[in-house]
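Which chain is which? The protein sequence lines are C and F, in order. The working numbering applies: residue 1 is where the first sequence begins, and numbers increase by one. The working numbering applies: residue 390 is where the second sequence begins, and numbers increase by one.
There are 2 protein chains.
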Amino acid sequence: MSVTFAQGFTAAGVAAGISSIEGKKDLALVVNNGPLDAAAGVFTSNRFCAAPVQWSRVAVADGHIRAVILNSGGANACTGPKGYTQSEATAKTVAELVGADASNIAVCSTGLIGELLPLDHVLDGAKAAYLALGDDDAAGSDAAHAIMTTDTKPKTVSLEGSGYRVGGMVKGSGMIAPQLATMLCVITTDAVVSGGQLQAALTAGVDTSFNRIDVDGCMSTNDTVLLLASGASGVEPDADEFNGLVAKACASLARQIIGDGEGASHDIRITVTGATSEDAALACARAVASSNLLKCAISGNDPNWGRIVSSLGTVPAQVAPYDADNVTVDVNGVRICENGGAGRDRSEVDMTPREVHIDIDLGAGDAEATVWTDDLTHEYVHINADYES
Amino acid sequence: MSVTFAQGFTAAGVAAGISSIEGKKDLALVVNNGPLDAAAGVFTSNRFCAAPVQWSRVAVADGHIRAVILNSGGANACTGPKGYTQSEATAKTVAELVGADASNIAVCSTGLIGELLPLDHVLDGAKAAYLALGDDDAAGSDAAHAIMTTDTKPKTVSLEGSGYRVGGMVKGSGMIAPQLATMLCVITTDAVVSGGQLQAALTAGVDTSFNRIDVDGCMSTNDTVLLLASGASGVEPDADEFNGLVAKACASLARQIIGDGEGASHDIRITVTGATSEDAALACARAVASSNLLKCAISGNDPNWGRIVSSLGTVPAQVAPYDADNVTVDVNGVRICENGGAGRDRSEVDMTPREVHIDIDLGAGDAEATVWTDDLTHEYVHINADYES
Numbered sequence: 001m002s003v004t005f006a007q008g009f010t011a012a013g014v015a016a017g018i019s020s021i022e023g024k025k026d027l028a029l030v031v032n033n034g035p036l037d038a039a040a041g042v043f044t045s046n047r048f049c050a051a052p053v054q055w056s057r058v059a060v061a062d063g064h065i066r067a068v069i070l071n072s073g074g075a076n077a078c079t080g081p082k083g084y085t086q087s088e089a090t091a092k093t094v095a096e097l098v099g100a101d102a103s104n105i106a107v108c109s110t111g112l113i114g115e116l117l118p119l120d121h122v123l124d125g126a127k128a129a130y131l132a133l134g135d136d137d138a139a140g141s142d143a144a145h146a147i148m149t150t151d152t153k154p155k156t157v158s159l160e161g162s163g164y165r166v167g168g169m170v171k172g173s174g175m176i177a178p179q180l181a182t183m184l185c186v187i188t189t190d191a192v193v194s195g196g197q198l199q200a201a202l203t204a205g206v207d208t209s210f211n212r213i214d215v216d217g218c219m220s221t222n223d224t225v226l227l228l229a230s231g232a233s234g235v236e237p238d239a240d241e242f243n244g245l246v247a248k249a250c251a252s253l254a255r256q257i258i259g260d261g262e263g264a265s266h267d268i269r270i271t272v273t274g275a276t277s278e279d280a281a282l283a284c285a286r287a288v289a290s291s292n293l294l295k296c297a298i299s300g301n302d303p304n305w306g307r308i309v310s311s312l313g314t315v316p317a318q319v320a321p322y323d324a325d326n327v328t329v330d331v332n333g334v335r336i337c338e339n340g341g342a343g344r345d346r347s348e349v350d351m352t353p354r355e356v357h358i359d360i361d362l363g364a365g366d367a368e369a370t371v372w373t374d375d376l377t378h379e380y381v382h383i384n385a386d387y388e389s
Numbered sequence: 390m391s392v393t394f395a396q397g398f399t400a401a402g403v404a405a406g407i408s409s410i411e412g413k414k415d416l417a418l419v420v421n422n423g424p425l426d427a428a429a430g431v432f433t434s435n436r437f438c439a440a441p442v443q444w445s446r447v448a449v450a451d452g453h454i455r456a457v458i459l460n461s462g463g464a465n466a467c468t469g470p471k472g473y474t475q476s477e478a479t480a481k482t483v484a485e486l487v488g489a490d491a492s493n494i495a496v497c498s499t500g501l502i503g504e505l506l507p508l509d510h511v512l513d514g515a516k517a518a519y520l521a522l523g524d525d526d527a528a529g530s531d532a533a534h535a536i537m538t539t540d541t542k543p544k545t546v547s548l549e550g551s552g553y554r555v556g557g558m559v560k561g562s563g564m565i566a567p568q569l570a571t572m573l574c575v576i577t578t579d580a581v582v583s584g585g586q587l588q589a590a591l592t593a594g595v596d597t598s599f600n601r602i603d604v605d606g607c608m609s610t611n612d613t614v615l616l617l618a619s620g621a622s623g624v625e626p627d628a629d630e631f632n633g634l635v636a637k638a639c640a641s642l643a644r645q646i647i648g649d650g651e652g653a654s655h656d657i658r659i660t661v662t663g664a665t666s667e668d669a670a671l672a673c674a675r676a677v678a679s680s681n682l683l684k685c686a687i688s689g690n691d692p693n694w695g696r697i698v699s700s701l702g703t704v705p706a707q708v709a710p711y712d713a714d715n716v717t718v719d720v721n722g723v724r725i726c727e728n729g730g731a732g733r734d735r736s737e738v739d740m741t742p743r744e745v746h747i748d749i750d751l752g753a754g755d756a757e758a759t760v761w762t763d764d765l766t767h768e769y770v771h772i773n774a775d776y777e778s
């Protein structure tokens, strides 16, 4: 259903010859046909941010975006002034096509860092995508396919509010770490909302979703999440319901990224409870989520609690106060670590499900936080050792 | 040459039946026969530190250690009061054998977390090791073999000072990250030095060696580095020379750990220059060293500078001020990234040597720092997915 689930949006995905994979759809266009063109964005904090990020950050700053053009097959990152000129030229071409100002066009790119895009292909692709625009499921699906890189499947969401809709698509598979994951995401709604309302909803939604997943601890140069509102439903939503739906859309798309993590054989949910603050819980959950040793053990179906507590033990006491002797760890519901030492036998843990639940109780307070990650497999190494060489 | 290279030390390594590998040497004993028994130690900062670490930290606090007993085959970590009793019993047995107080015996363990040791085997092994003590190369080599776990080779060092000697051994292969690596290390000297001098030399030496290597970002519960002085040479060393030799011994042993990193096919030296401070340089080098994506790319012989700068870009500006547009990156002497963008073609880089040199110039100041890491290979995943399951 993707971005076209909400009324007022058309989309397309075409093969523009940008990707090195012959015939792959690699260019997507999402157009907001109004009546509103409200928009909000959240971008990577990486200091080597890509040209399209530099462009789009400015474009969305006034709360208005008419269209988003996205390409896979090249990140246009670390490409200097020439790269920026490419993003600008792309925006201008789309602006002419849709009859808008270039400053209301967002540009997103994903792929290899350090190389310019084949600009002719991008601009010709933009025209082809404009001619292919549609408002049906197929058009939304084409767009979701066109932004995939190492993703093995498209990732979309569609949610019904009270008289309005929220739809979205995301790409992301490797180089996934907070803050933000290596990802491009467009969420659309036909609710009647302002850019300010959108920004508040998006910032909150991203904070508990895309900022709490970690495939490989690597932060990208191109991460972009956009939220666009057409107002086509004519419905002014209840603020709480709307914020909740946006958060739910972000959470669903983030969960789909983890489900398609590069080479992953297990999706791992790490929940830390009993912390003195949410920040403390989050620091502990992130420390565990970033352990290569644990991620390898999980890929070998080993609920190795020693690797959980040794990661937990790296969090400084001033960040997360707790007594190591009070810590318990449950894996898939079996308490294999009790009072900081061995609990029930690890052989009791059923590791066959794809989803693995690690529940850590620090026994120090009432706050909690959850982070999702993937296991570390031979396939992850294969994908990333053989990617462009 | 190992720990017996310095005069006044005897050592042994025996198969005590602690390891699950039949017949593997798994227990080492190092005895300081004096006339001095000065000692210093540096230990893991992990909050789930193992029982032997808790014991040895106290034992070395007064600057005197007569003997060190080390076992592989079990970490005795997260084993609670029972684990501590095991370390204490082990120290008492060694104390009786060598005619010392138990408070002057250090205990080190390495292996699986969360299980008690087979104490009878440890105590019987201590007696067997005592009977096997020798001051020759073979005895030092046996001890270095006995502390190996996933290490594929023993790691030792021997250095000549002006009339005195420094020798040492280390184990460590996976779960290697600053602060300290997953490692046990004993360095010996026959110089006439006090515990305070030893501690100063060791702390400084560790800071620029073991604290600057990172195999997999995982900090252990058992890390211990001990420096023992017998005074048997009768020589009071020049302080600068002595500190330099200790630092050199630490650097040699740390480098050997990287050379034997789990599954590694490349040893990667990351040097950051042009930083505003050493801390800034170090933060940048550590960020690059911890990138799984880069480590996979290197294992695929791909000098992927995009993954270097995207890691560099995650270091906050307040930690390391620099302008992304001024950054250069050389891999094995070829400047493949210039002014934050593409430089010479990456195909010019010869990636066949085991040692890979990544030189990053931030162009912001005069400070620099170096960190060593390994690449991330199929073999690393294999070792850690299949380790005890």
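No residue lacks a Cβ here, since even glycine has one placed at the ideal position from N, Cα and C.
- Rounded to the nearest whole angstrom, the CA to CA distance from residue 441 of chain F to residue 508 of chain F is 13 Å.
- The segment 187-207 of chain C makes no contact with the segment 278-285 of chain C: fewer than 3 CB pairs, one atom from each, lie closer than 8 Å.
- In the DSSP assignment, residue 516 of chain F falls within the unbroken alpha helix (DSSP H) covering 508-521.
- Taking the C-beta atoms as reference points, residue 462 of chain F is found nearer than 7 Å to residue 500 of chain F.
- By the criterion of a C-beta distance shorter than 6 Å, residue 184 of chain C is surrounded in its chain by 70, 108, 110, 147, 171, 224, once the five residues flanking it on both sides are discounted.
- Residue 680 of chain F has no beta-bridge partner at all, per DSSP.
- At least one CB atom of chain F sits nearer than 7 Å to the CB of residue 386 of chain C.
- Cβ atoms of residue 616 of chain F and residue 659 of chain F stay farther apart than 8 Å, at about 27 Å.
- Taking a Cβ-Cβ threshold of 8 Å, none of the residues of chain C is close to residue 417 of chain F; the smallest such distance is about 22 Å.
- Every unbroken stretch of the alpha helix (DSSP H) spanning 4 or more residues and falling wholly within the segment 239-317 of chain C is given here in chain order: 239-259, 278-289, 292-299, 305-312.
- For residue 44 of chain C, no beta strand (DSSP E) segment is defined, and its DSSP state is neither H nor E.
- Residues of the segment 723-741 of chain F with a Cβ closer than 8 Å to any Cβ of chain C, in chain order: 726, 728, 729, 730, 731.
- Residue 556 of chain F is a Cβ neighbour of residue 391 of chain F, given a cutoff of 7 Å.
- In this structure the segment 468-480 of chain F does not lie against the segment 653-667 of chain F, because fewer than three pairs of beta carbons, one per stretch, are closer than 8 Å.
- When DSSP states are grouped into helix, strand and coil, residue 587 of chain F belongs to the helix group.
- Excluding its 5 nearest sequence neighbours in each direction, residue 634 of chain F has C-beta neighbours in its own chain below 6 Å: 548, 550, 555, listed in chain order.
- Counting along the chain, the unbroken beta strand (DSSP E) around residue 747 of chain F starts and ends at 744-750.
- Contact between residue 95 of chain C and residue 102 of chain C holds, with the beta-carbon distance rounding to 4 Å and staying under 8 Å.
- Residues of the segment 641-664 of chain F whose Cβ lies closer than 8 Å to any Cβ of chain C: none.
- Counted as a single uninterrupted DSSP element, the stretch harbouring residue 486 of chain F is not any beta strand (DSSP E) but the alpha helix (DSSP H) occupying residues 469-487.
- Under a criterion of Cβ atoms nearer than 8 Å, the residues of chain F adjacent to residue 112 of chain C are, in order, 695.
- Contact note: residue 504 of chain F reaches chain C through 342, using a C-beta cutoff of 8 Å and chain order.
- Ranked by Cα distance from residue 6 of chain C, the first of C:22, C:189, C:127 is C:189.
- Taking C-beta atoms under 8 Å as the contact rule, residue 649 of chain F and residue 540 of chain F qualify, at a distance of about 6 Å.
- Only residues of its own chain outside the window of five on either side were considered, and among them 405, 406, 407 have a CB closer than 7 Å to the CB of residue 510 of chain F, listed in chain order.
- Non-local C-beta neighbours of residue 36 of chain C in its own chain, meaning closer than 7 Å and more than five positions away in sequence, comprise 192, 229, 230, 231, ordered along the chain.
- Apart from sequence neighbours up to five positions away, the residues of its chain that approach residue 307 of chain C with a beta-carbon distance below 8 Å are 291, 293, 294, 297, ordered along the chain.
- Residues are counted here when their Cβ sits less than 7 Å from a Cβ of chain F; for the segment 36-49 of chain C these are 46, 47, 48, given in chain order.
- Contact of residue 562 of chain F with chain C is not assigned, every C-beta pair being separated by 7 Å or more.
- The Cβ neighbour count for residue 155 of chain C, taken over all protein chains shown within 10 Å, is at least 16; the residue is labelled buried.
- Counted as a single uninterrupted DSSP element, the stretch harbouring residue 755 of chain F is not any beta strand (DSSP E), since DSSP gives it neither H nor E.
- Scanning its chain for C-beta atoms nearer than 6 Å, with the 5 sequence neighbours on each side dropped, one finds around residue 100 of chain C the residues 66, in chain order.
- Within chain C, the residues placing a beta-carbon under 8 Å from that of residue 469 of chain F are 325, 339, 340, 341, ordered along the chain.
- Of the other Cβ atoms in all chains shown, fewer than 16 fall within 10 Å of the Cβ of residue 409 of chain F; this residue is therefore exposed.
- Under the DSSP definition of a beta bridge, residue 426 of chain F lacks any partner.
- Nearest to residue 348 of chain C by alpha-carbon distance, out of C:239, C:331, C:249, is C:331.
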